[in-house]
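Each residue of the sequence shown is one higher than the last, beginning at 2 in our numbering. The C-beta atom is built at its ideal place from N, Cα and C for all residues, glycine as well. A short worksheet on the structure shown next.
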Amino acid sequence: MIMVHVDQQKFQKSHNAPPPPQILRKQDHTGFKLRFKFNNSVGLKRKRNLKAVEEEDDGDWVAPKLKPKRTKKQEKSVCPIPPPDLPSKFRQLIVEEMGGRGLVLVIQKTIFFSDINPTASRFSIPFSQVKTHDFLNEAEAKELDDKNPMQVWLLDPSMKGTSITLNKWVMGSSSLYVLTNTWNPIVKNNQLKKGDTVQLWSFRMNSLLCFALVKL
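Here you go:
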C-alpha cells in the first residue's frame with residue numbers, strides 16, 4: 002500500500018492547487034472545426050436451417066441430426082460483473098489528503114484508438130456508457146449545453162494532477178463528454194494503449210469539479 006502524507010496547505014502549494022473553474026470564451030475556439038465519421042454497422046442475424054444429413058455408409062440413409070435445444074439456463078444472459086471500487090490509494094489521497102468529497106463513478110470503458118490518437122488529443126465519454134450525469138450540477142450542465150468548455154482538475158493513473166478541459170459534443174443523435182487539450186501528455190506519461198480498461202471518477206474539492214482516471 003502506498004502511503005501519502007501531505008500537509009493540506011503544503012499540498013495545495015506544492016501541487017499547484019487548481020484555480021477556480023473558468024468558462025472558456027466561445028471566440029477562443031472560433032476556428033476550431035471537428036470532423037467525425039461514425040460508421041454504424043448493423044448486426045446481421047444468421048438464419049439456421051436444419052438440413053437432412055445424408056451419409057453414405059454402405060448405401061444407408063441416416064436420419065437428420067438435430068442440435069439439442071438450448072435450455073433456459075443457457076439462453077439467459079450473464080449479468081455483468083460489478084465494476085471494482087476506487088483503489089484505496091486514490092481514495093486515501095482524495096478523501097484524507099485533499100479533502101475531496103462526493104466520489105462518483107462516471108464511466109468504465111475500454112480505451113480505443115481514437116482515445117490515444119495524438120491528432121485527436123481527447124478522451125471520449127459517450128452518453129451511452131455514462132453511469133450517471135449527476136457529477137455535474139445544474140449550472141455546469143447548462144454551461145456545457147451552451148457549448149462553453151470548462152476547466153477541471155484531473156488526477157491521472159500515476160496520481161499526478163493536471164488541469165484539463167471538459168466539453169460536450171453533440172453528433173446528430175449521439176452525445177458525449179470529452180476531456181481535451183492536455184490529454185496527450187496523460188496518454189504518454191501513463192503509457193495508455195488500445196485495449197486498456199479505465200475508470201473515470203468525479204469528486205469535489207470545495208466546489209471545484211475534479212476527476213480521477215484509474216487504470217484497471
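A distance below 6 Å between beta-carbons, with the five flanking residues on each side excluded, links Ile95 to the following residues of its chain, in chain order: Gly101, Phe204. Each residue's CA atom was taken as its position, placing Asp146 and Ser208 some 20 Å apart.
By the Cβ criterion, the segment 190 to 204 is not in contact with the segment 170 to 177, since fewer than three pairs of Cβ atoms, one from each stretch, lie closer than 8 Å. Contact between the segment 137 to 153 and the segment 111 to 127 is absent, with fewer than three C-beta pairs closer than 8 Å.
CA-to-CA, the gap between Lys110 and Leu87 works out to about 15 Å. Collapsing the DSSP output to three states places Leu104 in a strand.
In this structure, Val215 is the residue among Phe114, Thr133, Val215, Ala140 with its C-alpha nearest to the C-alpha of Gly162. Residue range 162 to 172 is occupied by the beta strand (DSSP E) that includes Asn168. The Cβ neighbour count for Ser129, taken over all protein chains shown within 10 Å, is under 16; the residue is labelled exposed.
Per the coordinates, the alpha-carbon of Pro158 lies some 22 Å from the alpha-carbon of His134.
One thing to note: Trp184 has its Cβ within 7 Å of the Cβ of Phe124. Looking only at Glu98, Leu156, Ser89, Thr198, the smallest Cα-Cα distance to Asn190 is reached by Leu156. With a cutoff of 7 Å on beta-carbon distance, Ala213 and Phe136 are scored as not near each other. DSSP places Leu94 within a helical segment (H, G or I) once states are collapsed to three.
Here Leu193 is buried. Its C-beta has 16 or more other C-beta atoms within 10 Å. With respect to the 7 Å criterion, Val153 and Leu104 are not classified as neighbours on the basis of their beta carbons.
Closest in C-alpha terms to Thr166, from the list Ile108, Glu139, Ser122, Asp197, comes Ser122.
When DSSP states are grouped into helix, strand and coil, Lys195 belongs to the coil group.
For the options Leu217, Leu177, Met99, the alpha carbon positioned closest to that of Gly196 is the one of Leu217.
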